[in-house]
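Numbering (our numbering), first residue to last: -15 to 386.
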């Protein structure tokens, strides 16, 4: 598995695969081939189908503009590269119109890019290969008496906690900015921000509804910040970035938890997300929203269970439920925007993750379906979904507005 720095990426929304990834690809190409006469970028598959709604073209143009260059963008929504649905090829030309270089990139989810023909850096893969599945990690932690967050520190080093502090600062700031912000989100759907209003109402709720409604408003705040292009953390993606911070912010306030406990919970959540990323997918274009909201719900449920004293087996159970009960979830954003149904899904998945935490804590952690098995089913289900339900905006809810 890679470092958690690769899972928790700090950047600007609205999409990790369609905004962060292409931005990184453009920057990489320019670093190797600056000051060329002309540039072109071909976008394929899902990257082209929903790229305008996700601001892919804007992200690429901003990167090239920093160098004083322009890039011509060509869209191929009906052509998919074999390796991954999110593909882009960038070319440079000399003054005579000859191609000087061409490179293909794949934006595979969570802001990560894979460069065609280039082997990934081994330095990013910090965990031993024999500990890539949940079963292996649980067995190792049981033998060594470790918590999941300690497993992360053992292989990443104590400096990973410093990075988690940076991650948490960005997450909590996104909650607070989102609660203060009002107005209509950009993109043409004319969708009004709701987090501020919902938080005010939730604060006045009495009984059990009040506390959980607060968690909903915190997740909503971060998701709206992402939709507005604000600074967020992929957890594991931009489209699902509100679930984990919403739950952690809620629990930190409810239980007056010190920051160090939140940082450990982030590491716990990170191990869950990393296992899915390694053995499955966190790309909506590849497996649908089950790979985004489903994984985020699993991560948040695990983090909450850790914070409330759960064992590593109860943590795994909460995570398993988060993914299991989102199996088959489609990715069908209206007009290619990370707004409908994405924002509501973040808020509701935050509440569900708290339910999964409660359910897991009521038992002893024993259950029939393992987290590893659900990852396999998620991949099988995602590959069986027609492409119109995998972030192409050609089917499902995306057709409601025409």
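Glycine is no exception: its CB is placed at the ideal position from the N, C-alpha and C atoms.
Contact under 7 Å by Cβ, residue i with residue j
| i | j | result |
| --- | --- | --- |
| residue 270 | residue 358 | no |
| residue -1 | residue 322 | yes |
| residue 218 | residue -7 | yes |
| residue 366 | residue 316 | no |
| residue 333 | residue 301 | no |
| residue 179 | residue 200 | no |
| residue 285 | residue 326 | no |
| residue 264 | residue 118 | no |
| residue 68 | residue 89 | no |
| residue 320 | residue 38 | yes |
| residue 205 | residue 137 | no |
| residue 306 | residue 337 | yes |
| residue 276 | residue 223 | yes |
| residue 226 | residue 195 | no |
| residue 387 | residue 221 | Outside the shown range of the chain, which is -15 to 386, sits residue 387, and nothing can be said about it. |
| residue 31 | residue 72 | yes |
| residue 148 | residue 250 | yes |
| residue -13 | residue 110 | yes |
| residue 282 | residue 203 | no |
| residue 375 | residue 257 | no |
| residue 255 | residue 132 | yes |
| residue 33 | residue 377 | yes |
| residue 108 | residue -10 | yes |
| residue 310 | residue 274 | yes |
| residue 116 | residue -15 | yes |
8 Å contact criterion, which residue i and residue j should meet: CB distance rounded
| i | j | result |
| --- | --- | --- |
| residue 64 | residue 75 | Contact doesn't hold; Cβ gap of about 19 Å is too wide. |
| residue 10 | residue 47 | 4 Å |
| residue 248 | residue 290 | 7 Å |
| residue 51 | residue 18 | 6 Å |
| residue -4 | residue 214 | 7 Å |
| residue 40 | residue 66 | That belief does not hold up - the Cβ atoms of residue 40 and residue 66 are roughly 21 Å apart, past 8 Å. |
| residue 2 | residue 29 | Contact doesn't hold; Cβ gap of about 11 Å is too wide. |
| residue 260 | residue 266 | 6 Å |
| residue 253 | residue 228 | 6 Å |
| residue 381 | residue 318 | 6 Å |
| residue 92 | residue 70 | 7 Å |
| residue 167 | residue 177 | 6 Å |
| residue 161 | residue 127 | 44 Å between Cβ atoms; not a contact. |
| residue 20 | residue 62 | About 29 Å; that fails the 8 Å criterion. |
| residue 198 | residue 186 | 5 Å |
| residue 246 | residue 152 | 6 Å |
| residue 104 | residue 97 | Contact flag wrong, Cβ pair sits at about 10 Å. |
For residue i: DSSP bridge partner residues
| i | result |
| --- | --- |
| residue 96 | 93 |
| residue 139 | According to DSSP, residue 139 bridges with nothing at all. |
| residue 59 | 27 |
| residue 72 | 27 and 89 |
| residue 83 | 77 |
| residue 117 | None; residue 117 has no bridge partner. |
| residue 109 | -14 |
| residue 374 | 315 |
Contact the stretch 221 to 238 vs the stretch 48 to 61: 3+ CB pairs below 8 Å: no
Those runs of the beta strand (DSSP E) which lie wholly inside the stretch -14 to 51 and span at least 3 residues: -6 to -4 and 22 to 28
Residue ranges of each alpha helix (DSSP H) within the stretch 265 to 341, 4 or longer: 268 to 271, 277 to 291 and 296 to 308
The stretch 161 to 176 in contact with the stretch 134 to 144 per 3-pair CB rule at 8 Å: no
Secondary structure, alpha helix (DSSP H): runs of 4+ residues fully inside the stretch 156 to 232: 179 to 188 and 192 to 211
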